[in-house]
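Q:
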Amino acid sequence: MAHIFHGYELLLFKRFHSEPSLWLEWKNKLLEKSRDAPSPTSLIDLEDIGGLPQGLWYLSVTLHKRQRYLMHLIREEAQKEKRGCYKKTGETLLSLYLNYYQFTEFHLDSIFKYGDDNRLPREIFKCANVTHLSLKYNSLDHLPADIGRMKQLEYLALTNNKLQVSAIPYTLTFCTKLKTILLDNNLLDALPGFLLTMPSIETVYRHGNHNYFKATFMWYHTDVNYRIIPAGGFGVAMSKVPASLQFWAAKSVIGQKIDFYNNSCIADILKDYISELYYKFYLCHYCKQALLRHLPGYKVITFKNPYLGNSCVPFQHWACSLDCAKALEVPARIEQIAAATKLDRQYEDYVNRCQQLFRTVHSGANRMCVCSRESLHSSCPSGAGDDDGRSHCHYCTALDAGRDDKESSCYCCLQ
């Protein structure tokens, strides 16, 4: 049975994290109310708490639907305080709550509106058992690199956000069990090229994206040089202060495209540091190079046909140099032309078969019944009635009677 973590719980712990005094106030209040309960496991009557502020509606919902979970956390924290225990580095109320219950599904749809602080806490990506993550309708303009920590993830829903291709990190490829990804109704003009390196993916929802079909029809027939588009190089370096050795080490790890989250040689604190730096870089999809985003590079458009049952799907890659861009585009163009030629040939063969069948049916010679003998065609104009009121075509009836009456044909298949 799925163990689900809901959006109202996330909002509650985000609020407690930003306002520790609010957490202390409600922790003490709820502990006091629980002491008056008949037993430690009894639920607190919400009427005894009094009116909750409208701005704390998520606390009200949590107390109504997940009171046992919240009270268990509160009692555990109270016991730790009595024993004089301190929190470990990086430990938060949210991480403790998530670790207690080992959630397998996160339903976090519609919890943020445009203009809200919609940053997703890193703690939710550190849950090792999560298989389903839904983040629909949250006005997200980027997906954190920490998504690569979710090794068991099979389903990712990002419908109705504000994601561009560059906002989806390469670390998504670390989710080797991912089968379904929903990217519909975002700001994508193509799919991220690295999806082609993820053999586990079975379904991608992509329609309803800004300029998506424009990309499909505009670039499909263009020359190689038009599908290699200069990108970047318009910004300004963030600082003239020389970067630290830690920065250059992180850059090297990012460029190698290795799954650093699953590497025991890299300390957890360094993994967090690399995650924070990840969006400062573009990764070349051909070579092992990571460049800061203000530096010039190339955007490359390729097409895959077919892809997951679709006839033609555009993909966008990033390349650090013109040579890398051509190394991506030229083979993709050759593959595209070969696949298109194959599809054209298959379609032509199909048309020829249909025409041949049509001519055979209407030729008046060597007509044959294309109906199954077990099929009943009560509305067939050439049907012959049986004693039980059923109708078969003349050809089937003629065979049953031992006659070679092949001049009669059943046309019900054409109606």
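Going by UniProt numbering, the first residue of the sequence shown is number 1, and it counts up by one from there.
Cβ coordinates follow ideal geometry from the N, Cα and C atoms, glycine included.
#1: Identify whether residue 20 lies in helix, strand or coil by the three-state DSSP scheme.
#2: By how many angstroms is the C-alpha of residue 159 removed from the C-alpha of residue 208?
#3: If you reduce the DSSP assignment to three classes, tell me which class residue 195 lands in.
#4: Are the CB atoms of residue 171 and residue 97 nearer to each other than 8 Å?
#5: Only counting runs of 3 or more residues, tell me where the beta strand (DSSP E) segments fall wholly within the segment 110-150, in order along the chain.
#6: Is residue 197 near residue 179, with beta carbons less than 8 Å apart?
#7: Does the structure place the segment 97-110 close enough to the segment 127-147 that three or more beta carbon pairs sit under 8 Å?
#8: So, do the segment 324-338 and the segment 245-258 have three or more beta carbon pairs nearer to each other than 8 Å?
#9: I'd like to check one pair, residue 294 with residue 232: are the Cβ atoms closer than 8 Å?
#10: According to DSSP, is residue 103 helix, strand or coil?
#11: State the start and end residues of the unbroken beta strand (DSSP E) segment that holds residue 182.
#12: Look at the Cβ atom of residue 423, then the Cβ atom of residue 62, and state whether they are nearer than 8 Å.
#13: Mind checking which residues open and close the beta strand (DSSP E) that includes residue 229?
#14: Give me the residue from 125, 14, 54 with the minimum Cα distance to residue 93.
#15: For residue 89, list the residues DSSP reports as bridge partners.
#16: Locate the alpha helix (DSSP H) running through residue 351, then write down its first and last residues.
#17: Skipping 5 residues on each side, what residues in its chain have a beta carbon closer than 8 Å to that of residue 283?
#18: Between 176, 154, 269, 191, which has its C-alpha nearest residue 163's C-alpha?
#19: Check the DSSP bridge columns for residue 313 and list the partner residues they point to.
#20: On the premise that residue 31 lies in contact with residue 78, defined as a C-beta separation below 8 Å, what is that separation, rounded to the nearest angstrom?
#21: Of the residues 151, 120, 126, 146, which one's Cα is nearest the Cα of residue 136?
#22: If you drop the 5 nearest sequence neighbours on each side, which residues of the same chain put their C-beta closer than 7 Å to that of residue 22?
#23: Kindly provide the ranges of any beta strand (DSSP E) runs that are 3 or more residues long and lie completely inside the segment 254-307, ordered along the chain.
#24: Give the DSSP-derived three-state secondary structure of residue 365 in the structure shown.
#25: Let me know if residue 7 comes out buried or exposed under the rule of 16 or more other beta-carbons within 10 Å of its beta-carbon.
#26: Check each candidate in 65, 189, 152 and name the one with the smallest Cα separation from residue 313.
#27: Taking residue 9 as the reference, which of 174, 114, 281, 95 has the closest Cα?
#28: For residue 188, which of helix, strand or coil comes out of DSSP?
#29: Taking just the CA atoms, how far does residue 161 sit from residue 126?
A: Concretely, from the data shown:
#1: Taking the sequence shown and counting its residues from 1, the one referred to as residue 20 is at position 20. Under the three-state reduction of DSSP, residue 20 is assigned to helix.
#2: In the sequence shown, the residue the question calls residue 208 occupies position 208. In the sequence shown, the residue the question calls residue 159 occupies position 159. C-alpha separation (whole angstroms): 10 Å.
#3: As a working mapping, residue 195 is identified with position 195 in the sequence shown. Correct three-state label for residue 195: helix.
#4: As a working note, residue 171 is residue 171 in the sequence shown. As a working note, residue 97 is residue 97 in the sequence shown. No. Outside cutoff.
#5: Listed in chain order, they are 132-134.
#6: Position 197 of the sequence shown holds residue 197. Position 179 of the sequence shown holds residue 179. It is not a contact, given that the beta carbons lie outside the stated cut-off.
#7: The segment 127-147, when compared against the segment 97-110, does touch it at the 8 Å Cβ threshold.
#8: These segments do not touch.
#9: Within the sequence shown, residue 232 is the residue found at index 232, counting from 1. Within the sequence shown, residue 294 is the residue found at index 294, counting from 1. Yes, the Cβ-Cβ distance between residue 232 and residue 294 is below 8 Å.
#10: Position 103 of the sequence shown, counted from the start, is the residue given in the question as residue 103. Of the three classes helix, strand and coil, the one that applies to residue 103 here is coil, per DSSP.
#11: Within the sequence shown, the letter at position 182 stands for residue 182. Residue 182: member of the beta strand (DSSP E) spanning 180-182, first to last residue.
#12: No answer is possible for residue 423: it lies beyond the span of the chain, which begins at 1 and ends at 415.
#13: Here residue 229 refers to the residue found at position 229 when the sequence shown is read from its first residue. Its beta strand (DSSP E) spans residues 228-231.
#14: If you number the sequence shown from 1, residue 93 lands on position 93. Distances from the CA of residue 93 to each of 125, 14, 54 were compared; the closest alpha carbon is that of 14.
#15: Counting from 1 along the sequence shown, the entry for residue 89 is found at position 89. Paired residues: none, contrary to the question.
#16: Looking up residue 351 in the sequence shown gives position 351. Unbroken alpha helix (DSSP H) run through residue 351: 322-362.
#17: Sequence index remark: in the sequence shown, residue 283 carries index 283 (1-based). For residue 283, where only same-chain residues beyond five positions count, the Cβ hits under 8 Å are 170, 254, 255, 257, 289, 290, 318.
#18: The residue you call residue 163 lines up with position 163 of the sequence shown. It is 191 whose Cα lies nearest to the Cα of residue 163.
#19: The sequence position of residue 313 within the sequence shown is 313, counting from 1. Answer is 304.
#20: Here residue 78 refers to the residue found at position 78 when the sequence shown is read from its first residue. Here residue 31 refers to the residue found at position 31 when the sequence shown is read from its first residue. Right, the Cβ-Cβ distance comes to about 6 Å (below 8 Å), so this counts as a contact.
#21: In the sequence shown, counting from the first residue as 1, residue 136 sits at position 136. Out of 151, 120, 126, 146, 120 has the C-alpha closest to the C-alpha of residue 136.
#22: Translated into the one-based positions of the sequence shown, residue 22 becomes position 22. Cβ within range, chain order: 15, 16.
#23: Every beta strand (DSSP E) stretch that sits fully inside the segment 254-307 and reaches 3 residues is listed by chain position as 281-283, 290-292, 297-304.
#24: Position 365 of the sequence shown, counted from the start, is the residue given in the question as residue 365. Because the pLDDT at residue 365 is just 49, under 50, the model does not fix this residue reliably, and the value given afterwards should be weighed accordingly. In the structure shown, residue 365 sits in coil (DSSP, three-state: anything other than H, G, I, E or B).
#25: Taking the sequence shown and counting its residues from 1, one reaches residue 7 at position 7. Residue 7 comes out buried.
#26: If you number the sequence shown from 1, residue 313 lands on position 313. The residue with the shortest Cα to Cα distance from residue 313 is 189.
#27: The residue you call residue 9 lines up with position 9 of the sequence shown. For the residues 174, 114, 281, 95, the minimum Cα distance to residue 9 belongs to 95.
#28: As a first step, residue 188 must be located in the sequence shown, where it is residue number 188. DSSP places residue 188 in coil when its eight states are reduced to three.
#29: For the purposes of this step, residue 126 is taken as the residue at position 126 of the sequence shown. For the purposes of this step, residue 161 is taken as the residue at position 161 of the sequence shown. The straight-line gap from Cα to Cα measures roughly 22 Å.
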